[in-house]
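There are 2 protein chains.
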Amino acid sequence: MRMDDATPIRAGTAAWWLARTENADDRPRRRRMLSLDLIADTALTVLDTEGAEALTMRRLAQRLNCSQAALYRHVTSRDELVVLAMDRAMGLGLDLPPPGLGWRETSEWQAHSFRDFLLAHPGLVPFLRGTERLGPNSLSGMELWLGQFTAIGLSVREAYATASAFATFVIGSVQFTLGVDSTNPDEQRLRRRLYEGLDPRRHPILTAHAEELSQVGSPEEFAFGLAALLDAVAVRISG
Amino acid sequence: MRMDDATPIRAGTAAWWLARTENADDRPRRRRMLSLDLIADTALTVLDTEGAEALTMRRLAQRLNCSQAALYRHVTSRDELVVLAMDRAMGLGLDLPPPGLGWRETSEWQAHSFRDFLLAHPGLVPFLRGTERLGPNSLSGMELWLGQFTAIGLSVREAYATASAFATFVIGSVQFTLGVDSTNPDEQRLRRRLYEGLDPRRHPILTAHAEELSQVGSPEEFAFGLAALLDAVAVRISG
DNA sequence: ACCTGAACACCGTTCAAGT
DNA sequence: ACCTGAACACCGTTCAAGT
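Line by line, the protein sequences give chains A and B.
Residue numbers for the first sequence, in this note's numbering: 112 to 350.
Residue numbers for the second sequence, in this note's numbering: 112 to 350.
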């Protein structure tokens, strides 16, 4: 298979990340006003301060005091920019757990820390599509999880699948939560009314337990899934 | 809190779904060429045949042989259309498991069936944001899960949190998978090269086990997470 | 060698005007 | 009462032209 410059490589694939690291040295030929890092950081700032839908090339150029066209000297498309910014964010979201905890407490702490980070930066969440997975910061996070899970007896393959499941679940549950914020008390009340108004013959449980079910919130759902994953690890290291 | 017509309600919230069902009767005043159902179905067709980025109001109108403006008689925004189409898709993705299986096999079958459906319709996946959660078809799915999990001894609250965790995990893992398709053999080979090229001091495990880790694929990761959730249910019904 | 202005081909949404 | 054409204010991306 030939590597042809004409066929564009999809951002976030192994091929794309690889090409990026291999061409790293011949990058900075001259002093520039702009840098890729600065652009990615500014993108994150825009996401935090103005939300996901504000991340446009025009808005970014405005913040950087340059033309939109100038951005395309550092990045071949908006997609590419998003992938790079997301891996950058993964670096920011990666916090070291307090020492002295057992593996279960450590993993729990990390999952909660990551979730809290994402909830505090909701603008990032729509862009987390797995394409950041092979970026340098994401790989640092993976290395950390691999170290932890292999240290307690999982095989390398198991540790990788486990870490992926954790990441998937945390990101997925935050996306789910932000889709409709169930912490809003009024939303909760209306959800109850919605359940109550259903056809009791087709929805016997939802109608009968409308009040109770309307109270089940995102933290509860997250706690269940997280405990499940931790239990599964416990089973696999003892067996 | 007053319900003001001037303040738009975010699509997918309880308030929005509620208003929709309550105003259902005074909808069809006259015969129309277009219907909401037809529009939503056409949207799904576009997603399946042309992919996620092809779902524009112009493209939709073209398929329906009407003007873009006509769509806005049935839907107040593209967001709304997406939410409705996604709930519709949830109805299509809901398949009844073969009878006679135990709870674990049944749940496993359903999770795989849902995953297969999403993988077969990748155009849907970017739009699953949890906003479809309270739609009629999604609620039918929820009722099904609730029935299963309460039947084996979980409380209603536990059953709801469990079902949510399952849904979150399935959707999240498919999003993750489609972000970068790791079933591509060339991608796998390149991923190995990517791992091998990392700094061994900062990434000791990834570099040492590059080949093995590059082989871990999406089915394996999914199997781990699913087994974990099923184990967790088993623990909770026996304890 | 680097950056820009202006354009191109798209978006979602609105609204006066038609029938 | 219903639908439309045409416009508005945006997008991402390109490229000849500047310095």
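Yeah, the Cβ is synthetic: ideal placement off N, Cα and C, and Gly gets one too.
**Item:** As assigned by DSSP and simplified to three states, the class of B:His-223
**Value:** Three-state DSSP puts B:His-223 in a helix.
**Item:** For B:Ile-316, the three-state DSSP class (helix, strand or coil)
**Value:** Helix at B:Ile-316.
**Item:** Residues, ordered as in the chain, of the stretch 226-254 of chain B that lie near chain A by beta-carbon distance below 8 Å
**Value:** Of all residues in the stretch 226-254 of chain B, the ones placed with a Cβ closer than 8 Å to any Cβ belonging to chain A are Pro-237, Arg-240, Gly-241, Thr-242, Arg-244, Leu-245, Leu-250, Ser-251, Met-253 and Glu-254, in chain order.
**Asked** Is the Cβ-Cβ distance between A:Ala-196 and A:Leu-155 less than 8 Å?
**Response** Yes, Cβ-Cβ distance for A:Ala-196 and A:Leu-155 is below 8 Å.
**In chain order, each beta strand (DSSP E) run of at least 3 residues that lies wholly inside the stretch 151-208 of chain B** = Counting only runs of 3 or more residues that sit fully inside the stretch 151-208 of chain B, no beta strand (DSSP E) segment turns up.
**Asked** Taking all protein chains shown into account, do 16 or more other C-beta atoms lie within 10 angstroms of the C-beta of A:Gly-202, making it buried, or fewer, making it exposed?
**Response** Classification of A:Gly-202: exposed, given that the 10 Å Cβ count is below 16.
**Message:** When you compare the CB of A:Gly-336 with every CB in chain B, is at least one pair closer than 8 Å?
**Reply:** The C-beta of A:Gly-336 comes closer than 8 Å to at least one C-beta of chain B.
**Message:** Could you tell me the alpha carbon to alpha carbon distance between A:Leu-257 and B:Phe-280, rounded to whole angstroms?
**Reply:** The alpha-carbon of A:Leu-257 is positioned some 20 Å away from that of B:Phe-280.
**Prompt:** So, A:Arg-300 versus B:Leu-129, is the Cβ gap smaller than 8 Å?
**Reply:** Taking 8 Å as the Cβ cut-off, A:Arg-300 and B:Leu-129 do not qualify as a contacting pair.
**Request:** Confirm, please, whether the CB-CB distance from A:Arg-184 to A:Asn-248 is below 8 Å.
**Result:** It is not a contact, given that the beta carbons lie outside the stated cut-off.
**Contacting residues, own chain, Cβ-Cβ under 6 Å from A:Gly-336 (five flanking each side not counted)** = Cβ neighbours of A:Gly-336 beyond the five flanking positions: Phe-280.
**Item:** Residue-chain proximity (A:Val-327, chain B), Cβ-Cβ < 8 Å
**Value:** The Cβ of A:Val-327 sits closer than 8 Å to at least one Cβ of chain B.
**Asked** For chain A, is any of its Cβ atoms less than 8 Å away from the one on B:Ile-120?
**Response** So no, B:Ile-120 is outside the interface.
**Message:** Only counting the same chain, and skipping five residues up and downstream in sequence, which positions put a Cβ closer than 6 Å to that of A:Trp-127?
**Reply:** Once the five neighbours on either side are set aside, the close Cβ partners of A:Trp-127 are Ile-120.
**Request:** May I ask which residues mark the beginning and end of the alpha helix (DSSP H) holding B:Ile-348?
**Result:** Looking at the DSSP string, the run of the alpha helix (DSSP H) that includes B:Ile-348 is 329-349.
**Asked** Quick one, which residues of the stretch 206-225 of chain A are near chain B if we go by CB-CB under 9 Å, in chain order?
**Response** The residues in question: there are none.
**Enclosing alpha helix (DSSP H) for B:Ala-122 [first to last residue]** = From DSSP, B:Ala-122 is part of no alpha helix (DSSP H); its letter is neither H nor E.
**Item:** B:Leu-324 to A:Thr-294 span [Cα, whole Å]
**Value:** Those two C-alpha atoms are separated by around 39 Å.
**Rounded Cβ spacing between B:Glu-360 and A:Ala-272 (contact assumed at less than 8 Å)** = Missing from the structure shown is residue 360 of chain B; chain B here goes from 112 to 350 and no further.
**Message:** Need the endpoints of the alpha helix (DSSP H) that A:Thr-242 sits in, please.
**Reply:** Careful: A:Thr-242 lies outside any alpha helix (DSSP H) and carries neither H nor E.
**Asked** Whole-angstrom Cβ separation of B:Val-364 and A:Ile-348, contact assumed at under 8 Å?
**Response** Because residue 364 of chain B is not part of the residues shown, which for chain B are 112 to 350, the question remains open.
**Message:** Using a Cβ-Cβ cutoff of less than 7 Å, which residues in the same chain neighbour A:Val-378 once the five nearest sequence positions on both sides are dropped?
**Reply:** The structure shown does not extend to residue 378 of chain A, since chain A is modelled only from 112 through 350, so no value can be given for it.
**Asked** B:Pro-210 to B:Glu-219, Cα distance in whole Å?
**Response** Their Cα atoms are separated by approximately 13 Å.
**Prompt:** Should B:Leu-166 and B:Val-157 be called a contact, given that it needs their Cβ atoms to be closer than 8 Å?
**Reply:** Taking the C-beta atoms as reference points, B:Val-157 is found nearer than 8 Å to B:Leu-166.
**Beta-carbon spacing of B:Leu-341, B:Arg-189 below 8 Å** = Going by C-beta atoms, B:Leu-341 is not nearer than 8 Å to B:Arg-189.
**Asked** Out of curiosity, what's the CA-to-CA distance linking A:Pro-208 and A:Phe-260?
**Response** C-alpha separation (whole angstroms): 15 Å.
**Request:** With a threshold of 16 other CB atoms inside 10 Å of the CB of A:Ala-151, please say whether the residue is buried or exposed.
**Result:** The Cβ neighbour count for A:Ala-151, taken over all protein chains shown within 10 Å, is at least 16; the residue is labelled buried.
**Message:** Can you find the residues in the same chain that come closer than 7 Å, C-beta to C-beta, to B:Pro-233, ignoring five residues on each side of it along the sequence?
**Reply:** The residues are Leu-289.
**Request:** With A:Ile-282 as the anchor, note down where its alpha helix (DSSP H) starts and where it stops.
**Result:** Run containing A:Ile-282: 267-290, per the alpha helix (DSSP H) assignment.
**Request:** Note the first and the last residue of the continuous alpha helix (DSSP H) segment covering A:Leu-212.
**Result:** Neither: A:Leu-212 is in no alpha helix (DSSP H) and is coded neither H nor E.
**Asked** Can you tell which of B:Ala-172, B:Met-168 and B:Gly-252 has its C-alpha closest to the C-alpha of B:Leu-205?
**Response** If you compare the alpha carbons of B:Ala-172, B:Met-168 and B:Gly-252 with that of B:Leu-205, the shortest gap goes to B:Gly-252.
**Request:** Taking A:Asp-297 as part of the alpha helix (DSSP H), name the residues at either end of that continuous run.
**Result:** In the DSSP assignment, A:Asp-297 falls within the alpha helix (DSSP H) that extends over 296-307.
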